[in-house]
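So the structure is just underneath, and the comments pick up after that.
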Amino acid sequence: MKRFALALVVALGLVAGVMGQPTKAQDMTKVTLQLKWVAQAQFAGYYAAAAKGYYKDMGLDVEILPGGPDIIPEQVVAGGKANIGLDWLPSLLANREQGTDIVNIAQVYTRSGMREISFVDKGLKTSADLKGKKVGVWLGGNEFELFAALVKNGMDPQNSADVEIISQPFDMSLLLNGDVDAAAAMTYNELAQVLEAVNPATGKLYTLEDLNVIDFNAEGTAMLQDGLFASSEWLKDNEETATKFLAASFKGWAFCRDNVDECTKIVLDAGTALGESHQKWQMNEVNKLIWPNEKGIGVMDEAAFKQTADISLSYKVISKEADASAYRTDLATKALEMLGADFDANGKDFAPTTVELKEGGK
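Okay, here's the thing in structure tokens:
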């Protein structure tokens, strides 16, 4: 009798499948996200959305692909290997001009995290003070905020008589060894690398009081960084999926805003190679780039887009003026509507935490 009952259950299950009643796993829509870099708190909101089940709640099975130095997210998305990608806006504009069919669907970072830092004894407080100095920066597309600030202050970045530009590796060795007067740093990464290093004069870690930090947001030459994009072709049939993805991602970022410690642990569990104190610092600094957000997380600011586009044109990242067709705000707006009135999309009461860094970022 038990065997008959079991056979009946199996048979009914087969009939249900034939009649088009899929299992929960079959109900899930697959979405692949291509990151700009390896797993770290720079992308914490997406890892949190996966870990907390926000994507699953939206009926999405999201795969997060780490990036790296040889991975260009725009090409991955254009080639159909990912549905959604993440990169800095100037890169998206350049790829669009080359014929890549992609569009920004959510601008997550509202402020630039790029800085130029120096030790206080150099007396370099603004971009104008960099005249005649050795200035480190990552070349190959990361230099334009600095170059725009130099030009704004009457210097030609290509003229060593004005300023000597030094190609900087992706660490802070040149600054720490005294080989440059100032060096480029992201607030959430390389700045922390300096603060995790021991000051030989004191035997203790460097502090912010030891540094002058030039903020390109304050200099008026900041460019938009981490934004989400997709191909127009994919969006034709997947606007609802994209909207659900954005809603869950925004919820993940809000969770990281309000739960720095837990979100840091989620990133550590994702397999990052960076230490706990470094990741917590990064989480805190990334939150500052997103919150508070006047328009609501993900909604592109027209003036910020134009500033980025204008600088991109000035430095020949693009050869013709970019227009508003490079981005959409409707999907991000719909995603926020989907989250409802109780969702805090602006984070106006956001307050950063205080993070104690350890030597080497451990």
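Taken in order, the sequence shown gives residues 2 to 363; the numbers are from the working numbering.
We put the CB at the ideal spot given by N, CA and C, even for glycine.
Membership of ILE312 in the alpha helix (DSSP H) is indicated by the continuous run 303-315.
THR265 sits in a helix when the DSSP states are folded into three classes.
Excluding five sequence positions before and after LYS296, the CB atoms of its chain that fall closer than 7 Å to its own CB belong to ASP302, given in chain order. Exposed is the label assigned to SER161, since fewer than 16 other Cβ atoms lie within 10 Å of its Cβ. Counting every other CB atom within 10 Å of its CB across the protein chains shown gives PHE171 a total below 16, marking it as exposed. When the beta-carbon positions are compared, LYS281 and VAL356 come within less than 7 Å of each other. Annotation for ASN213: the continuous beta strand (DSSP E) segment containing it runs 212-216. Looking only at GLU117, ASP216, GLU197, the smallest Cα-Cα distance to VAL181 is reached by GLU117.
Scanning its chain for C-beta atoms nearer than 7 Å, with the 5 sequence neighbours on each side dropped, one finds around ILE319 the residues LEU94, ALA95, GLU98, SER313, in chain order. DSSP, read as helix, strand or coil, puts LYS252 in helix. When the beta-carbon positions are compared, LEU225 and GLN108 come within less than 7 Å of each other. A direct Cα-Cα distance of roughly 12 Å separates VAL152 from GLU144.
Restricting attention to MET156, PHE217, THR208, the CA atom closest to the CA of ALA185 is found in PHE217. Below 8 Å, enough C-beta pairs join the stretch 125-145 and the stretch 202-217 to call them touching: three or more. Burial of ALA149 is indicated by the presence of at least 16 other C-beta atoms within 10 angstroms of its C-beta. Excluding the 5 residues flanking it on each side, VAL77 has same chain C-beta neighbours closer than 8 Å at GLN35, LEU66, ALA83, GLY86, in chain order.
Under DSSP, LYS31 shares a beta bridge with ASP62. SER113 sits buried, since 16 or more C-beta atoms from the chains shown fall within 10 Å of its C-beta. Taking the C-beta atoms as reference points, TYR110 is found no nearer than 7 Å to LEU332.
Ranked by how close their Cα comes to the Cα of ALA79, the residues SER92, LEU340, ILE103 have ILE103 in first place.
PRO158 is the residue among LEU131, PRO158, LYS134 whose C-alpha sits nearest the C-alpha of LEU140. Cβ contact annotation for GLU286 (same chain, cutoff 6 Å, sequence separation greater than five): THR188, TYR189, in chain order.
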